[in-house]
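Asks: Quick one: the structure is below, and I'll ask about it shortly.
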Amino acid sequence: MDGTDQAMSNIWYLLALVLVGSALIGRRIALGSFVRMALLWVLIFGALLGLFTFAQKAGLMPARFAAEEGALLQPQNSAEPTPRPAPPPAPPPIQSDGQVVRIPVAPDGHYWVEGMVNGMSARFLIDSGATITALSENTARATGLNIDMNAPPIPLNTANGKIDARRASISTLTVGPLRANDVEVVVSPALGDVNVIGMNMLSRLKSWSVENGEMVLTP
Numbered sequence: 001m002d003g004t005d006q007a008m009s010n011i012w013y014l015l016a017l018v019l020v021g022s023a024l025i026g027r028r029i030a031l032g033s034f035v036r037m038a039l040l041w042v043l044i045f046g047a048l049l050g051l052f053t054f055a056q057k058a059g060l061m062p063a064r065f066a067a068e069e070g071a072l073l074q075p076q077n078s079a080e081p082t083p084r085p086a087p088p089p090a091p092p093p094i095q096s097d098g099q100v101v102r103i104p105v106a107p108d109g110h111y112w113v114e115g116m117v118n119g120m121s122a123r124f125l126i127d128s129g130a131t132i133t134a135l136s137e138n139t140a141r142a143t144g145l146n147i148d149m150n151a152p153p154i155p156l157n158t159a160n161g162k163i164d165a166r167r168a169s170i171s172t173l174t175v176g177p178l179r180a181n182d183v184e185v186v187v188s189p190a191l192g193d194v195n196v197i198g199m200n201m202l203s204r205l206k207s208w209s210v211e212n213g214e215m216v217l218t219p
């Protein structure tokens, strides 16, 4: 039992003694009976505390009570943002039927694709939850992207929390037979090595959908 658990136990026992003592004194019970009943109530409170602690550690306590106790005993990290997935070593190869592109789901459960930015190869995560296409700083530098450094940075909410990004524009972005011109993007070192195809690219398509473990892009 750590110091916090010990403190909680002491509080329980003190409350038990105060409550029982007040009740018995009010009834003016003899000292011998008072001691016996006080010990009995302390044992009952101790047993309840033991059951409560065991249930909490064993994960048997209802989630609401566990969360409330955790909030009292230790800092909570539930607000920590979930990081973006790291790019896989090599995404599954896409399949094309004419102009329709089919992208198999990767082992990590995401849809990754090898694309071309201004003629340079770049790996992308397709994220329908992203409003705008984004490039890592390394990709932007490798493709010679002209970043507007004079404009104020754009604050963005991402899976990694709030970041500052800069606006830029891709002359051509291709994924298999699909091609888009003058695609607005944002660039930020906070993206790490992850490039993201967002809704401003997907919305140019006739349709996109997920079918049988594949993302289907139709121009």
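Numbering (UniProt numbering), first residue to last: 1 to 219.
Beta carbons: idealized from backbone N, C-alpha and C, even for Gly.
Any contact between the segment 89-103 and the segment 174-189? By contact I mean 3 or more CB pairs, one from each, below 8 Å.
Replies: With the cut-off at 8 Å, the segment 89-103 and the segment 174-189 touch.
Asks: Thinking Val196 and Arg166 are a contact (beta carbons under 8 Å), I'd like their distance in whole angstroms, please.
Replies: As a position in the sequence shown, residue 196 is number 196, starting the count at 1. As a position in the sequence shown, residue 166 is number 166, starting the count at 1. Actually they do not touch by this definition, with Cβ atoms about 15 Å apart.
Asks: So, Ile133 versus Asn200, is the Cβ gap smaller than 9 Å?
Replies: Counting from 1 along the sequence shown, the entry for residue 133 is found at position 133. Counting from 1 along the sequence shown, the entry for residue 200 is found at position 200. A quick correction: the sequence has Thr, not Ile, at residue 133. Yes, the Cβ-Cβ distance between Thr133 and Asn200 is below 9 Å.
Asks: Identify, in the order they occur along the chain, each residue of the same chain with its Cβ nearer than 6 Å to the Cβ of Met116, setting aside the five sequence neighbours on each side.
Replies: Taking the sequence shown and counting its residues from 1, one reaches residue 116 at position 116. Excluding sequence neighbours, Met116 sits near Thr174.
Asks: Let's see if you can read the secondary structure: which residues bound the alpha helix (DSSP H) around Ala140?
Replies: The residue given as residue 140 occupies position 140 in the sequence shown. It spans Glu137 to Ala142 - the alpha helix (DSSP H) in which Ala140 sits, taken as one unbroken run.
Asks: Starting from Met199, trace the alpha helix (DSSP H) in both directions and tell me its first and last residue.
Replies: What you label residue 199 is simply residue 199 of the sequence shown in a count that begins at 1. Looking at the DSSP string, the run of the alpha helix (DSSP H) that includes Met199 is Met199 to Leu202.
Asks: Across which residues does DSSP place Met116 in a beta bridge pair?
Replies: Taking the sequence shown and counting its residues from 1, one reaches residue 116 at position 116. Ser121 and Thr174.
Asks: In whole angstroms, what separates the C-alpha of Ala90 from that of Thr143?
Replies: As a position in the sequence shown, residue 90 is number 90, starting the count at 1. As a position in the sequence shown, residue 143 is number 143, starting the count at 1. For Ala90 and Thr143, the distance between alpha carbons rounds to 20 Å.
Asks: Ordered along the chain, which non-local residues of its own chain (more than five positions away) have a Cβ less than 8 Å from that of Glu137?
Replies: Taking the first residue of the sequence shown as position 1, residue 137 is located at position 137. Excluding residues within five positions, the ones whose Cβ falls inside 8 Å are Val187, Ser188, Pro189 and Leu191.
Asks: Please report the distance separating the alpha-carbon of Leu217 from that of Pro93.
Replies: If you number the sequence shown from 1, residue 217 lands on position 217. If you number the sequence shown from 1, residue 93 lands on position 93. Their Cα atoms are separated by approximately 14 Å.
Asks: So what's Ile126 in DSSP terms, helix, strand or just coil?
Replies: The residue you call residue 126 lines up with position 126 of the sequence shown. The answer is strand: DSSP assigns Ile126 an E or B state.
Asks: Less than 9 Å separating the beta-carbons of Leu145 and Ile126?
Replies: Indexing the sequence shown from 1 puts residue 145 at position 145. Indexing the sequence shown from 1 puts residue 126 at position 126. It is not a contact, given that the beta carbons lie outside the stated cut-off.
Asks: Any idea what DSSP makes of Gly161, helix, strand or coil?
Replies: Within the sequence shown, residue 161 is the residue found at index 161, counting from 1. The answer is strand: DSSP assigns Gly161 an E or B state.
Asks: Expressed to the nearest angstrom, what Euclidean distance is found between the alpha-carbon atoms of Val105 and Trp112?
Replies: For the purposes of this step, residue 105 is taken as residue 105 along the sequence shown, with counting starting at 1. For the purposes of this step, residue 112 is taken as residue 112 along the sequence shown, with counting starting at 1. So the alpha carbons of these two residues sit roughly 7 Å apart.
Asks: Per DSSP, which one or two residues make a beta bridge with Met186?
Replies: Numbered from 1 along the sequence shown, position 186 holds the residue referred to as residue 186. As written in the sequence, residue 186 is Val, which differs from the Met given in the question. Looking at the DSSP assignment, Val186 forms a beta bridge with Ala134 and Arg167.
Asks: Could you pull out every residue in the same chain whose Cβ sits closer than 7 Å to the Cβ of Ser121, ignoring the five residues on either side in sequence?
Replies: Taking the first residue of the sequence shown as position 1, residue 121 is located at position 121. Only Glu114 meet the Cβ criterion.
Asks: Please report how far the alpha carbon of Ala66 lies from the alpha carbon of Asn181, in whole angstroms.
Replies: Counting from 1 along the sequence shown, the entry for residue 66 is found at position 66. Counting from 1 along the sequence shown, the entry for residue 181 is found at position 181. At Ala66 the pLDDT is 35, less than 50, meaning the model places this residue with poor confidence and gives no usable figure here.
Asks: Quick check: what's the CA-CA separation for Ala47 versus Met37?
Replies: Taking the first residue of the sequence shown as position 1, residue 47 is located at position 47. Taking the first residue of the sequence shown as position 1, residue 37 is located at position 37. Going from the Cα of Ala47 to the Cα of Met37 covers about 15 Å.
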